[in-house]
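What follows is a set of notes on a single structure, which appears directly below.
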Amino acid sequence: MTTRTVLIINAGSSSIKYALVDPDSGENLANGNVEKIGNPTGIITHKHDGEKFVVEEPVPDHGFGLSEVLRLFEEQGPSLKDANVVAVGHRVVQGGKYFSGPALIDDDVVARIEQLVPLGPLHNPAHLKGIAVARELLSDVPHVAVFDTAFFQDLPEEAARYALNREVADKYEIRRYGAHGTSHQFVSGEVSKMLGRDDLKQIVLHLGNGASVSAVVNGKAVDTSMGLTPLEGLMMGTRTGDIDPAAVFHLARVGGMSIDEIDHLFNRESGFKGLAGENDMREIWKLYEAGDQNTIDAVDVYIHRLLKYVGAYTAIMGGLDALTFTAGIGENDEFVRQHLLDRLAYMGIKYDHEKNLIVRNPDPRIISTEDSSIPVIVYPTNEELAIARQALTLI
Ligand code: ADP
4 MTTRTVLIIN AGSSSIKYAL VDPDSGENLA NGNVEKIGNP TGIITHKHDG
54 EKFVVEEPVP DHGFGLSEVL RLFEEQGPSL KDANVVAVGH RVVQGGKYFS
104 GPALIDDDVV ARIEQLVPLG PLHNPAHLKG IAVARELLSD VPHVAVFDTA
154 FFQDLPEEAA RYALNREVAD KYEIRRYGAH GTSHQFVSGE VSKMLGRDDL
204 KQIVLHLGNG ASVSAVVNGK AVDTSMGLTP LEGLMMGTRT GDIDPAAVFH
254 LARVGGMSID EIDHLFNRES GFKGLAGEND MREIWKLYEA GDQNTIDAVD
304 VYIHRLLKYV GAYTAIMGGL DALTFTAGIG ENDEFVRQHL LDRLAYMGIK
354 YDHEKNLIVR NPDPRIISTE DSSIPVIVYP TNEELAIARQ ALTLI
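Counting from 4, one number per residue, gives the positions in the sequence shown under the numbering used here.
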């Protein structure tokens with residue numbers, strides 16, 4: 004079969020991340036990003052064949068940014084003209100109630116994504132810009148939207164519905180949409196293949212700067228920790244995760260804070276950053292080793308929350324057959340895994356200390372021992388490949 008490729012685009016408000024993927028071999032042929040769009044000091048980084056090309060120039064808008072990326076592909080390789088690009092896959096964070104799978108982008112799909120802006124105010128407007136310029140510049144290939152919420156669109160009502168007044172919740176479409184769905188779907192699917200079983204009760208811990216956990220039964224998501232927005236659930240790099248919503252009333256009434264200030268506080272100044280002053284785990288462990296009490300407390304809160312979700316999801320599923328770690332922290336932080344797994348010894352979970360020490364390794368691995376009650380897996384996520392494969396299902 005001749006090689007075919009999919010170009011993946013993830014447009015943010017001031018950035019465009021991209022990757023060229025061979026969906027059949029899984030190979031990442033090139034990737035890069037455009038940063039600081041709209042800023043006088045834009046930066047474009049293009050990586051290909053182990054080499055990195057950096058261009059620093061003002062990037063006034065997404066259209067210019069993407070045209071520069073296309074120029075770099077032709078100048079530095081691999082040439083898109085020769086790469087047999089069969090689709091462009093766009094990552095879209097919020098697909099609301101409309102999308103339970105990928106969608107071939109036409110004007111109706113664009114209109115739906117636009118309708119969902121109130122539910123994804125930070126992301127969907129940026130995705131729309133990325134989609135518009137990409138459809139213009141790459142007009143001869145199909146464009147597919149792949150939604151972060153799609154895997155959770157069919158959550159059971161008991162997991163998706165909040166116990167908020169029904170009329171109000173339905174009018175404003177307030178329910179659990181989840182996030183990181185592409186990663187949870189990809190990782191749980193790959194774990195099924197790895198273990199050679201479709202009938203699995205799985206927990207997937209996607210632990211990055213943003214973090215979420217999902218419960219997956221026989222390939223279908225039955226619960227996830229992120230909610231209406233990616234603020235709910237686990238403690239994260241800069242986000243609170245679960246917190247009593249009455250804290251908002253209190254900060255507004257007693258603290259005199261505006262809604263925007265509270266939003267910023269919960270999303271950007273909390274989590275590890277708010278408790279320990281740092282949000283990168285490598286820095287966190289340095290402070291921890293130095294005996295910094297705030298950091299030790301922060302780690303305790305983080306592990307407590309993880310433990311609580313693992314227990315809750317095991318109860319919801321009526322058991323657990325596989326526990327998987329993924330994303331930046333899940334794949335690379337042996338201490339987080341160790342702290343959590345030590346606390347799960349009561350479930351009969353046992354892990355190999357040497358195998359747990361493997362980090363920065365792209366290979367999926369089982370880190371539990373033969374006599375562990377269930378397998379514990381580290382499965383590196385690959386959202387680009389997952390988006391590419393989903394895009395292909397429609398063309
Ligand atoms: P996101 O996509 O949410 O930005 P990632 O999945 O890329 O997050 O994870 C980023 C986080 O992973 C970093 O903030 C850092 O805490 C953690 N991380 C990355 N590499 C390592 C490492 N070698 N050891 C420990 N933590 C790491």
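Note that CB positions come from ideal geometry on N, CA and C, so glycine has one too.
Nearest CA to the CA of Gly213: which residue from Gly99, Gly184, Thr48?
The residue from Gly99, Gly184, Thr48 with its alpha-carbon nearest to that of Gly213 is Gly184.
Does DSSP put Leu10 in a helix, in a strand, or in coil?
strand
Which first and last residues belong to the beta strand (DSSP E) in which Arg94 is found?
88-95
For the beta strand (DSSP E) containing Glu49, name the first residue and the last one.
Note that residue 49 is His in the sequence shown, not Glu. Start and end: 46-51.
Is it buried or exposed for Ile12, if we count other Cβ within 10 angstroms and need 16 for buried?
buried
What does a CB cutoff of less than 7 Å around Leu237 pick up in its chain, not counting 5 residues either side in sequence?
Ala214, Ser215, Val216, Ser228, Gly244, Arg308, Leu309, Tyr312
Would you be able to state if there are at least three C-beta pairs under 8 Å between the segment 217-226 and the segment 280-297?
no
Quick check: what's the CA-CA separation for Gln118 versus Asp355?
49 Å
Smallest Cα separation from Pro248: which of Arg200, Ile262, Met239, Gly240?
Ile262
DSSP three-state label for Gly35, please.
strand
CA-CA distance, Gly333 and Arg285?
13 Å
Rounded to whole angstroms, how far is the Cβ of Arg138 from the Cβ of Ile108, which I believe are closer than 8 Å?
7 Å
From what residue to what residue does the beta strand (DSSP E) around Glu292 run?
Looking at the DSSP string, Glu292 is not in any beta strand (DSSP E); the run it does join, the alpha helix (DSSP H), is 284-292.
Could you check the C-alpha separation between Val72 and Phe150 for me, to the nearest Å?
Distance from the CA of Val72 to the CA of Phe150, rounded to the nearest whole angstrom, comes to 23 Å.
Should Lys55 go down as buried or exposed, given a rule of 16 or more other Cβ atoms within 10 Å for buried?
exposed
Run the Cβ filter for me: residues under 7 Å from any heavy atom of the ligand ADP, listed in the order they occur in the chain.
Gly211, Asn212, Gly213, Gly240, Asn282, Asp283, Met284, Arg285, Ala330, Gly331, Ile332, Asn335, Asp336, Val362, Arg363
Would a C-beta distance cut-off of 7 Å place Gln97 and Gly123 closer than the cut-off?
yes
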